[in-house]
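**Q** Chains as they are written, first to last, in this note's numbering: chain R, 21 to 133; chain F, 13 to 126. Cβ coordinates follow ideal geometry from the N, Cα and C atoms, glycine included. Provided herewith is a single structure, encoded as structure tokens, for subsequent inquiry.
Structure representation (structure tokens):
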């Protein structure tokens with residue numbers, strides 16, 4: 021599975037958009053980009069995933085560059101409850117059993133009032 | 013979304029004893045389950061992958077005789093930490109993958125070995 025690089029920490033003002041970058045320059049053609057987050061002392065929570073098109077759901081938007089070497093997770097209106105460690109992970113996607121979620125160090129997002 | 017539970021949520025045991033942690037997928041059948049451990053202020057580290065009815069596959073450096081994994085059914089996997097020592101104290105998290113290949117995580121079990 022390809023590795024990812026994320027900034028170790030970021031701050032965001034409450035109510036503003038949080039843009040979390042991720043580099044995955046060695047991603048393979050059949051690997052998806054997954055985002056999870058972990059609030060302190062809880063299990064990781066799935067946010068969103070995508071292959072090459074931009075994706076949006078009720079939690080966030082995922083923007084993947086055309087060359088797929090990087091992506092950005094966008095939380096459109098961050099709240100204090102969004103304070104967490106955000107993990108960007110690449111793995112073979114749905115329909116390809118066998119891919120593993122290997123966690124990097126993630127980005128610690130602090131949403132401030 | 014799908015729900016994965018773990019029991020117990022916290023456990024304290026004495027050095028030398030064994031501890032069993034259960035992981036259940038409550039509303040779906042899990043084709044594959046995973047076990048992770050996490051030390052304070054560190055990321056999750058994958059320990060092993062298990063499929064129902066077969067032996068678990070352990071990641072490099074994880075002792076299979078120390079961390080016994082049983083995946084007896086499509087909704088239950090157990091991790092037994094045998095002869096626990098203080099260095100085994102950690103946050104253990106299980107994860108279950110459904111037939112659509114989506115993966116969900118349990119709330120974690122905090123193990124403290126005294």
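Can a CB atom of chain R be found closer than 8 Å to the CB of residue 70/F?
**A** Sequence index remark: in the second chain, residue 70/F carries index 58 (1-based). No, no contact with chain R.
**Q** What does the Cβ neighbour count give for residue 25/R, buried or exposed, with the cut at 16 atoms within 10 Å?
**A** For the purposes of this step, residue 25/R is taken as the residue at position 5 of the first chain. Classification for residue 25/R: exposed.
**Q** Thinking C-beta only, is residue 124/F closer than 8 Å to residue 24/F?
**A** As a position in the second chain, residue 24/F is number 12, starting the count at 1. As a position in the second chain, residue 124/F is number 112, starting the count at 1. Cβ distance < 8 Å, so residue 24/F and residue 124/F count as in contact.
**Q** Residue 122/R versus chain F: which residues are under 8 Å apart at the beta carbon?
**A** Residue numbering aside, residue 122/R sits at position 102 when the first chain is read from its first letter. Ordered by position in chain F, the residues that pass the 8 Å Cβ test against residue 122/R are 58.
**Q** Comparing the C-beta of residue 104/F with each C-beta of chain R, is any distance below 8 Å?
**A** By 1-based counting over the second chain, the position of residue 104/F is 92. For residue 104/F, the answer is no, since every Cβ of chain R falls outside 8 Å of its Cβ.
**Q** For the beta strand (DSSP E) that contains residue 31/R, what are its first and last residues?
**A** The residue labelled residue 31/R in the question sits at position 11 within the first chain. Element bounds for residue 31/R: 29-33.
**Q** Mark residue 61/F as exposed unless 16 or more other C-beta atoms lie within 10 angstroms of its C-beta, in which case mark it buried.
**A** Sequence index remark: in the second chain, residue 61/F carries index 49 (1-based). Burial call: buried.
**Q** Given that residue 115/F touches chain R, what residues does it touch there, using C-beta distances under 8 Å?
**A** Translated into the one-based positions of the second chain, residue 115/F becomes position 103. Those within 8 Å of residue 115/F in chain R are 66, 121.
**Q** Could you tell me which chain F residues have their CB closer than 9 Å to the CB of residue 26/R, listed as they occur along the chain?
**A** Taking the first chain and counting its residues from 1, the one referred to as residue 26/R is at position 6. Those within 9 Å of residue 26/R in chain F number zero; the least Cβ separation is about 11 Å.
**Q** I want to see whether chain F comes within less than 8 Å of residue 35/R, judged by CB atoms only; does it?
**A** For this step, residue 35/R is matched to residue 15 along the first chain. Taking Cβ atoms only, chain F never reaches closer than 8 Å to residue 35/R, which makes this a no.
**Q** Kindly list, in the order they appear in chain F, the residues whose Cβ is closer than 7 Å to that of residue 63/R.
**A** Residue numbering aside, residue 63/R sits at position 43 when the first chain is read from its first letter. Chain F residues near residue 63/R: 105, 117, 118, 119, 120.
**Q** Within the 8 Å Cβ cut-off, does residue 55/F reach chain R?
**A** Working through the second chain from its first residue, we reach residue 55/F at position 43. Closer than 8 Å: yes.
**Q** Going straight from the alpha carbon of residue 23/R to that of residue 90/F, what length do you get?
**A** Your numbering for residue 23/R matches position 3 in the first chain. Your numbering for residue 90/F matches position 78 in the second chain. Between residue 23/R and residue 90/F, the C-alpha separation is close to 29 Å.
**Q** Going along the chain, which residues of its own chain have a beta-carbon closer than 8 Å to the beta-carbon of residue 79/F, five neighbours each way excluded?
**A** Position 67 of the second chain, counted from the first residue, corresponds to residue 79/F. So the qualifying residues of the chain are 47, 59, 60, 70, 91, 92, 93, 94.
**Q** Go ahead and pull the three-state DSSP assignment for residue 109/F.
**A** On the second chain, residue 109/F is found 97 positions in, with the first residue counted as 1. Note: residue 109/F maps to strand in three-state DSSP.
**Q** Exposed or buried, residue 143/F, counting other C-beta atoms within 10 Å across all chains shown (16 or more means buried)?
**A** Chain F is shown from 13 up to 126; residue 143/F falls before or after that span and cannot be answered.
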